[in-house]
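Per our numbering, residue 1236 is the first one in the sequence shown, and the count goes up by one each step.
A virtual CB, placed ideally from N, CA and C, is assigned to each residue, including glycine.
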Amino acid sequence: MLRRGETKVEQKPRAVEELADSESDNDEPELKLRRPLANGTGSAVQGAHEYRAGAIMHISLTNFITYDRIDVRPGPHMNMIIGPNGTGKSSIVCAIALGLGENTSVMKRAKDISEFVKHGHENGAIEITLATGGSGSVRIRREMARQGNKSSWKIDGRASTFAEVQRRTRELRIQVNNLCQFLPQDRVVEFSKMSAQGLLKQTQAAVGREDLQQLQEELVKRRAQERQAMGEAQRLRGDTETLRKQNALLERDVQRWQERQTAESQLRVLTALVPLARYAEIKATHDDAKRAKNVAQAAYLHTRDSAEATELEQKMDELEARAADHERARRAAGDDRLGAEKAVRQQVTKLERLEAEQGELRDELRSAHTQAQRRREQIAALRAEVARLDAAVAQDEPAAAEEEEEDAGARRAAQGLRERQLLLTNELVAIGDEKRALSSSGRQIGGDIERRMAQLRGLDDEAQRRREALRRVHDDSVRALEWLESNRKLFAQHVFAPICLEASVRDARYAAAVEAVVGVGTLRTFVAQCDADYHVFTREVNDRLGLRVSVVSAAELKAPGALQPAHSRDTLAGLGFGGYAVDFVEAPRAVLAVLCSREKIHEIPLALGAVDHVACERLRLREYIADATRYTLTRGRYGSHASTVTTARIHAQSRLLGGGGESDEVRATRERLGSEIDKLRDTESSNEAQMKRLTTREGKIRDAHRQIEAQEAELREKRRARADALEAWERQRVHATTKRAQLQSLTADSRRGSADEIAEIKRRVEKGLCENARDRAKCLAAAAKHAATAVSALHSLARGGLAGFRDTRALAEHRAAMLRLREAVAEAQAELERATDAFNVAKSAARSALESTRAATSELTEEEREAVRAEQERRAAAHATSDELETELATCRQRLSMAAASGVSSAVIA
């Protein structure tokens, strides 16, 4: 038995002819046509006379589905085409059907004939040579064109018609549409569902005797007539027995019917009594609601039309008028008070200004006396300061010869220090250049080390390991992936890399099992998300680059969530399974859709250990993996439906999903990178030692440099001290000159000043003070007058406010009384509305009850009306309620229903 991923090869020399498809779109194991030898001996090449009429001698396909060119030469006896899934076996069967004149729908693969032309080509052809008996043959050729979806026919090289082809195949008794003669795999399910009669008819047609089917139809017709006659006799016997039993039951049925009539009459009487009783109760409720409405209406009118409301409104109008008068008087008094207060504030402001002017005049007089006193004090102080400065200048005057000798010595010492500092600076520059060169070299070495470390990390990366594993298995897939990564702009949507690079296994323990389920061929398949991208990929990669890779389109595949397995995961857990294969796979939705569609990973359960195989067979699990073994259950379609279990051990390690081991090339690369990194690090260490030596020397030079700078600073400090001393002496001399000039100026000003100037200032100040006093008196008199006016207005405002307060309080009390009266009216009105609503509801209910009563009694007979009146009087005397009547009515209906359930013949009731 063949399993996915395996190829069965039988060692029979000269019995095999290869079907070569060197430019096929897939790279699965090659297809083999097996042709057993006649009687186990002889040559595989037979003469035309050995073929029976209608046998296929030769098949030639050009640009058909996945084939560019193929020639098949079957033998005169049994022929077998053997190969894994996807290698083109079904395509040859499809070519036989289409080449012998059948419609495209017979294979259920495509609707149009143009879809069978290989992608990238405009025309294709199917040519079949048939034996006609003896040594004759006929060659039928069907040419297909993608443009216009057309096909043409030729027989033995001459143009022909479809009707002629069908006639020739009928003459050779070829029946492609007969499943007993031609059974493609796409119609096996249809064949299994055929009835025994259908199989017999198809078999007779396939044998070829024309009278077999006619005789069979006659036999079936006679058998049907026999069954019809026997059924009629059986029916007549049953009718006779039925009539005999019905006759015996007539008397009992008549009695039941009479009892039913009595019960139905009682039911109608009770049905009429219930609405009558309900109407009487509702009528009483209606009368009570009417009386309540009248009482509420009278109370509302009495409250609304009372004299108290009119009296309150009159008093409120009077109080509101008085309050308005008080408010006007209060506002007038307030305006007077505000005017007086404003005038007082103006006089106070003028008074404050006059007081300020008086202070300024007095300050002016005091300032004149103070200024004269200060001038005298300044003259005395300047005389003392000038004497002190003259003494200091005479004492601190420097010697010129000593200054020049010290300056020459300092200049010579500074020149020597500068020369030594220049030598040290040059040495520092040389050390800096050497350190920068070492730093640049160190950065370059660090970059080289980092790049080689990155390469090592790349060798350790899981994705890289998977890509290397894929390269070892199928180099074309990696080359196609590299092309895809550089040309993604050609595609409308994202095209996924080979499934082994896009998918991962959640639990590494299941990686080998998942790979066994999916298969290496599917794991290296690319996935496009739309048909347009699929066609672009096949054109560019398969056709132009010539790479033998597989690609599928997930455009019309169902989402993984829409595919439900036959058994729940809890059921599988009870058998020892960890879950379905899809539960352990992480991948994009499109990739999962392809895996579910092609490999059924949502239907194949996985287990690490042993499981209950008997239960698995009982659940009809067609395929599962347990304890590193793959189990396949096959059931026969006919007969006893016996089952066969095929087992196969799976690889212990995953090649693609697990990453695989390292190749010799990878190990050599790893060792080379390690050796280069060690050499670079040795060079880096040497550079670091040299850098330390240079840094130490640089430190010593900088220390010497700092010592020279300290000596220069000391010389500069001495020179600065001498300069500061000379500058201080010069400043004292200039300061003494300045102070002497100030003393002369103040002395001259003091001589020019006289007592007449101070007397003039005093007379002017006294005159201003007198005028200021008169103005202040006038302001005080005006302010007192306006204050008296403000006090009078304030008294009037207080009296008017008190009277207004009394009127306002009385008005508030009257408004509260009016509010209470209005609330009483509103409450009476609400009570009236509630009573009116209740009355209207009761009135409506009474009308509805009256209509129900009329409807219930309208169809009663006169006798039933009399019975209703009598029963109503009796129950009224007993004070029976409508609820009691409804209970009795329900009981009566139940009895009537039970009587009906006992069964009375419809013939008797009629």
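Can you find the residues in the same chain that come closer than 6 Å, C-beta to C-beta, to Arg1572, ignoring five residues on each side of it along the sequence?
If we look at Arg1572 and ignore the five residues flanking it on each side, its Cβ neighbours are Ala2025, Ala2028 and Leu2029.
For Gly1275, which of helix, strand or coil comes out of DSSP?
Because the pLDDT of Gly1275 is 36, which lies under 50, any placement of that residue in the model is unreliable, and the number read from its coordinates should be weighed accordingly. Of the three classes helix, strand and coil, the one that applies to Gly1275 here is helix, per DSSP.
Taking the straight line between their C-alpha atoms, what separation do you get for Val1846 and Glu1911?
Approximately 53 Å, taken between the alpha carbons.
For Thr1301, which three-state DSSP category applies?
DSSP places Thr1301 in coil when its eight states are reduced to three.
Taking a contact to mean a Cβ-Cβ separation below 7 Å, would you say Gln1448 touches Gln1439 in this structure?
Result yes, Cβ atoms of Gln1448 and Gln1439 sit closer than 7 Å.
Within 10 Å of its beta-carbon, does Met1379 have 16 or more other beta-carbons around it, so buried, or fewer, so exposed?
Under this definition Met1379 is a buried residue.
Can you find the residues in the same chain that come closer than 6 Å, C-beta to C-beta, to Ser1875, ignoring five residues on each side of it along the sequence?
Residue placement at Ser1875 is flagged as unreliable, the pLDDT there being 48, under the threshold of 50; the coordinate-derived value follows with that caveat. Contacts found: none.
Excluding sequence positions up to five away, which residues of its chain have a Cβ less than 6 Å from the Cβ of Lys1585?
Same-chain partners within the cutoff: Cys2014.
Can you find at least 3 beta carbon pairs, one from the segment 2075-2090 and one from the segment 1516-1531, that sit closer than 8 Å?
Judged by Cβ distances under 8 Å, the segment 2075-2090 makes contact with the segment 1516-1531, as three or more pairs qualify.
Are the beta-carbon atoms of His1886 and Ala1747 separated by less than 7 Å?
Yes. Within cutoff.
At which residues does the beta strand (DSSP E) containing Ser1340 begin and terminate?
Here Ser1340 belongs to no beta strand (DSSP E), and DSSP marks it neither H nor E.
Measuring only the C-alpha atoms, how far is Ala1626 from Trp1964?
Looking at the two C-alpha atoms, the distance is approximately 12 Å.
Measuring CA to CA, which of Ile1300, Met1688, Arg1503 and Ser1325 is closest to Ser2093?
The candidate whose alpha carbon is nearest that of Ser2093 is Arg1503.
Mind reading off the beta-carbon distance from Ala1564 to Glu2066? Whole number of angstroms is fine, and I expect it under 8 Å.
Their Cβ separation, rounded to whole angstroms, is 47 Å, which puts Ala1564 and Glu2066 out of contact at 8 Å.
Using a Cβ-Cβ cutoff of less than 7 Å, which residues in the same chain neighbour Arg1932 once the five nearest sequence positions on both sides are dropped?
Only Ile1666 meet the Cβ criterion.
Give me the Cα-Cα distance between Gln1463 and Ala1431, rounded to the nearest whole angstrom.
Near 21 Å, if we compare the C-alpha coordinates of Ala1431 and Gln1463.
If we ignore side chains and look at the alpha-carbon of each, how far apart do Glu1467 and Leu1478 end up?
So the alpha carbons of these two residues sit roughly 17 Å apart.
Using 8 Å for Cβ pairs, my map puts Thr1879 next to Tyr1866. What's the rounded Cβ distance?
The pair is not a contact, with the Cβ atoms about 11 Å apart (cut-off 8 Å).
Which residue comes first and which comes last in the beta strand (DSSP E) that contains Val1373?
Where Val1373 is concerned, the enclosing beta strand (DSSP E) stretches over Gly1371 to Ala1380.
Does the count of Cβ pairs from the segment 1737-1757 and the segment 1775-1782 closer than 8 Å reach three?
Touching, no, given that fewer than three Cβ pairs across the two stretches are closer than 8 Å.
Return the residue from the list Tyr1859, Leu2037 and Val1664 that minimises the CA-CA distance to Gly1934.
Among Tyr1859, Leu2037 and Val1664, the Cα nearest to that of Gly1934 is on Val1664.
Is there a C-beta anywhere in chain C that falls below 7 Å from the one on Ala1649?
Of the protein chains in the structure, only one exists, and it is not chain C.
Over the uninterrupted alpha helix (DSSP H) stretch that includes Glu1406, give me the two end residues.
Start and end: Phe1397 to Glu1406.
When the distance is taken between beta carbons, is Thr2122 closer than 7 Å to Tyr1514?
No, the pair does not count as a contact, with Cβ atoms beyond the cut-off.
Does DSSP put Asn1482 in a helix, a strand or coil?
Three-state result, Asn1482: helix.
Just verifying my parser: in three-state terms, what is the DSSP assignment at His1354?
In the structure shown, His1354 sits in coil (DSSP, three-state: anything other than H, G, I, E or B).
State the Cα-Cα distance for the pair Gly1275 and His1312, rounded to the nearest angstrom.
At Gly1275, the pLDDT of 36 sits below 50, so the modelled position is not reliable and the matter cannot be decided from this model.
Report yes if the CB atom of Thr1404 is closer than 7 Å to the CB atom of Gly1336, and no otherwise.
Yes.
Helix or strand or just coil, what does DSSP make of Tyr1535?
Reduced to three states, the DSSP call for Tyr1535 is helix.
How is Ala1958 classed by DSSP in three states: helix, strand or coil?
Correct three-state label for Ala1958: helix.
Tell me the DSSP bridge mates of Tyr1866?
DSSP, once it has assigned bridges, lists Tyr1859 and Thr1882 as partnering Tyr1866.
Please determine if the segment 1398-1413 and the segment 1300-1320 are in contact, where contact requires at least 3 C-beta pairs separated by less than 8 Å.
Contact fails: fewer than three Cβ-Cβ distances are below 8 Å.
If contacts are defined as beta-carbon pairs under 8 Å, then Ile1291 and Leu1365 qualify, I think. What distance do you get, rounded to the angstrom?
With 8 Å as the limit, Ile1291 and Leu1365 qualify as a contact, their Cβ atoms being about 6 Å apart.
What's the C-alpha gap between Leu1231 and Gln1690?
With the chain covering 1236 to 2145 only, the question about residue 1231 has no answer from this structure.
So for Asp1262, helix, strand or coil by DSSP?
Confidence in Asp1262 is poor, its pLDDT being 38 and thus under 50, which makes the residue's placement unreliable; the coordinate value appears in the next sentence. The answer is coil: DSSP assigns Asp1262 none of H, G, I, E or B.
In terms of residue numbering, what span does the alpha helix (DSSP H) encompassing Lys1819 cover?
The sequence shown places Phe at residue 1819, not Lys. Taken as a continuous stretch (DSSP letters only), Phe1819 belongs to no alpha helix (DSSP H), as it is neither H nor E.
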